[in-house]
Amino acid sequence: MPLIKILVAETIDEQRSNIRRLVNNQDDIRIVGEALTGQELIDKAMELKPHIVLVDINMPEIDGLKATEILAKEMPRIQTVVMSMDSSTEKYRAAMKAGAKDFLAKPFSEKELIDTIGSIYEKWLEGTPDFLKSQVARSISVYSTKGGVGRTTIAVNLATALAKMGKKTLLIDASLQFGDVAIMLNLSTKKTIGEIIEKNELTLDNIERSITHHPCGLDVLLAPRDPAVAETIKPSDLSKIFDIVAPLYQYIVFDMSSTITEKELVILDKVDVIFLVATLEITALKNAKICLKTFKDIKLETKKIKVILNKEIPNVGISSADLESGLSTQVYATVPMESEIAQRFQNKGESFILNAPNSKISKAITDIAYKIADTQQEQKKKPNALDNLIGLILGK
36 MPLIKILVAE
46 TIDEQRSNIR
56 RLVNNQDDIR
66 IVGEALTGQE
76 LIDKAMELKP
86 HIVLVDINMP
96 EIDGLKATEI
106 LAKEMPRIQT
116 VVMSMDSSTE
126 KYRAAMKAGA
136 KDFLAKPFSE
146 KELIDTIGSI
156 YEKWLEGTPD
166 FLKSQVARSI
176 SVYSTKGGVG
186 RTTIAVNLAT
196 ALAKMGKKTL
206 LIDASLQFGD
216 VAIMLNLSTK
226 KTIGEIIEKN
236 ELTLDNIERS
246 ITHHPCGLDV
256 LLAPRDPAVA
266 ETIKPSDLSK
276 IFDIVAPLYQ
286 YIVFDMSSTI
296 TEKELVILDK
306 VDVIFLVATL
316 EITALKNAKI
326 CLKTFKDIKL
336 ETKKIKVILN
346 KEIPNVGISS
356 ADLESGLSTQ
366 VYATVPMESE
376 IAQRFQNKGE
386 SFILNAPNSK
396 ISKAITDIAY
406 KIADTQQEQK
416 KKPNALDNLI
426 GLILGK
């Protein structure tokens, strides 16, 4: 079963904790948010777009029944379950009249809660078109095996372009030791992925507290301040963070490091698109060719790998056609060389997408963003490149 997103509206800490405990061992159910008032419930439902809302009948500001009625009218795709200590027929009927899909009498067992969630979600699936069933972010990694090709510049400005288009976007600086996203967006590094790991509790609340919000609407999860902290981050940590935040965003963009370790592979395995950044330099061409061969050897899904030619400039001895010939693949998109624009805004800690939208470089990256947004995400099981790499090393 796909991941079911739950929003819990409950004023009593013990009750919220109990619900968390009951669903904690369910791999296909995730609590994406909690609300302490009826108004907060409505606000969070609009923001998080859960599949199911669990709401106590007695909520402050806006009571549970009124909140259910508002959700049924304003967000009819959200399925609401009313919870109450009063299991009378009168309360049940009131909940159904308000638009609830089910009613849970407190206290309820784990089986009652899980069965109710599963039953409601199955009914939701039956009446939902296929294209609306997938509510997990489209994920993109921006990668290169050579420094200086403009990987971070593309990642930062691509994520900014998506946010500018009104897409709920998260940029993750996965260059964990020496990430530059913070400096390129002039963001404070008080909150980073390091704080999540140090708390040793990968929860939605801890992750949300570590996310920095850029004024353009882009959310950013920054690399640790201390490179030593990067060594404490395990591949499984990155995988779990991705799984937790994916249902909350439309797009997730990873700015990768230039290595191929288990940490990079776990991300490359999970994402929908890999943008391999290359330039018209012989060393960049050589590295890109080796990278593509490595991806092929470990059986990484080749059709999701897209080559971006960055810093295109004529008459340097290597052309775009040479690049395509050397890599035996087509260039997905080309970004022109505009070093003055790129360098000026990089030194200011600003995105040129926001500050020089009519520049050639901005238009090129905006075109890539629109190209991504127009591409429907394919839902399929991806091969495990890490296992394939181990097999290659061991000769299996």
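Counting the sequence shown from 1 gives a position; this note's numbering is that position plus 35. A virtual CB, placed ideally from N, CA and C, is assigned to each residue, including glycine.
By how many angstroms is the C-alpha of residue j removed from the C-alpha of residue i?
| i | j | result |
| --- | --- | --- |
| residue 366 | residue 258 | 30 Å |
| residue 306 | residue 175 | 6 Å |
| residue 107 | residue 117 | 12 Å |
| residue 226 | residue 217 | 10 Å |
| residue 311 | residue 177 | 6 Å |
| residue 247 | residue 263 | 21 Å |
| residue 196 | residue 287 | 12 Å |
| residue 63 | residue 282 | 12 Å |
| residue 74 | residue 357 | 59 Å |
| residue 131 | residue 138 | 8 Å |
| residue 202 | residue 364 | 30 Å |
| residue 231 | residue 346 | 36 Å |
| residue 279 | residue 317 | 40 Å |
| residue 183 | residue 404 | 22 Å |
| residue 380 | residue 94 | 48 Å |
| residue 179 | residue 292 | 8 Å |
| residue 297 | residue 151 | 39 Å |
| residue 273 | residue 267 | 11 Å |
| residue 56 | residue 90 | 17 Å |
| residue 256 | residue 198 | 15 Å |
| residue 102 | residue 59 | 26 Å |
| residue 76 | residue 133 | 16 Å |
| residue 374 | residue 220 | 17 Å |
| residue 351 | residue 277 | 40 Å |
| residue 239 | residue 124 | 36 Å |
| residue 136 | residue 129 | 12 Å |
Could you pull out every residue in the same chain whose Cβ sits closer than 8 Å to the Cβ of residue i, ignoring the five residues on either side in sequence?
| i | result |
| --- | --- |
| residue 331 | 337 |
| residue 354 | 315 |
| residue 341 | 308, 309, 310, 311, 367 and 368 |
| residue 98 | 73 and 92 |
| residue 348 | 315, 371 and 372 |
| residue 299 | 178, 209, 291 and 292 |
So for residue i, helix, strand or coil by DSSP?
| i | result |
| --- | --- |
| residue 368 | strand |
| residue 211 | coil |
| residue 432 | A question about residue 432 goes unanswered here, because the residues of the chain that appear run from 36 up to 431. |
| residue 306 | coil |
| residue 261 | coil |
| residue 176 | strand |
| residue 58 | helix |
| residue 410 | Interpretation of residue 410 is limited by its pLDDT of 49, a score under 50 that renders its predicted location unreliable; no figure is taken from the coordinates. |
| residue 253 | coil |
| residue 182 | coil |
| residue 47 | coil |
| residue 187 | helix |
| residue 267 | coil |
Spatial neighbours of residue i within its chain, please: C-beta separation below 7 Å, excluding the five flanking residues on both sides.
| i | result |
| --- | --- |
| residue 79 | 42, 68 and 70 |
| residue 141 | 118, 119 and 120 |
| residue 362 | 323, 324, 327 and 342 |
| residue 192 | 386, 387, 388 and 400 |
| residue 87 | 39, 41, 114, 116, 152, 155 and 156 |
| residue 126 | 92 and 119 |
| residue 384 | 218, 219, 220 and 221 |
| residue 376 | 387, 391, 394 and 396 |
Since I believe residue j is in contact with residue i (beta carbons under 8 Å), could you give me their beta-carbon distance rounded to a whole number of angstroms?
| i | j | result |
| --- | --- | --- |
| residue 253 | residue 323 | In fact, because the Cβ distance is near 28 Å, the residues do not count as touching under 8 Å. |
| residue 210 | residue 304 | Actually they are not in contact, since the Cβ atoms of residue 210 and residue 304 sit about 18 Å apart, beyond 8 Å. |
| residue 65 | residue 38 | 6 Å |
| residue 207 | residue 400 | Not quite, the Cβ-Cβ distance comes to about 18 Å (not below 8 Å), so this is no contact. |
| residue 313 | residue 344 | 6 Å |
| residue 50 | residue 172 | Actually they are not in contact, since the Cβ atoms of residue 50 and residue 172 sit about 30 Å apart, beyond 8 Å. |
| residue 181 | residue 319 | 5 Å |
| residue 237 | residue 269 | Actually they are not in contact, since the Cβ atoms of residue 237 and residue 269 sit about 10 Å apart, beyond 8 Å. |
| residue 200 | residue 408 | 7 Å |
| residue 260 | residue 224 | 5 Å |
| residue 149 | residue 212 | At roughly 41 Å, the Cβ-Cβ gap does not stay under 8 Å, so residue 149 and residue 212 are not in contact. |
To which residues of the same chain is residue i closer than 6 Å at the C-beta, ignoring the five residues directly before and after it?
| i | result |
| --- | --- |
| residue 397 | 387, 388 and 391 |
| residue 214 | 208 and 258 |
| residue 53 | none |
| residue 158 | none |
Flag residue i as yes if its beta-carbon sits less than 9 Å from any beta-carbon of chain B, otherwise no.
| i | result |
| --- | --- |
| residue 139 | Among the chains of the structure shown, chain B does not appear; only one protein chain is present. |
- Jot down the residue ranges of each uninterrupted alpha helix (DSSP H) in the segment 63-143, minimum 4 residues, whole runs only, in chain order. As far as the segment 63-143 is concerned, its whole alpha helix (DSSP H) runs of at least 4 residues are 73-83, 99-109 and 124-133.
- What are the complete alpha helix (DSSP H) segments, minimum 4 residues, inside the segment 308-394? Fully enclosed alpha helix (DSSP H) runs of 4 or longer: 317-332, 355-362, 374-383 and 387-390.
- Minimum length 3: unbroken beta strand (DSSP E) runs contained in the segment 269-303: Fully enclosed beta strand (DSSP E) runs of 3 or longer: 286-290.
- Item | Ranges of the alpha helix (DSSP H) found wholly within the segment 191-249, counting only runs of at least 4 | With a minimum length of 4 residues, the continuous alpha helix (DSSP H) runs that stay inside the segment 191-249 are 216-219, 228-234 and 239-244.
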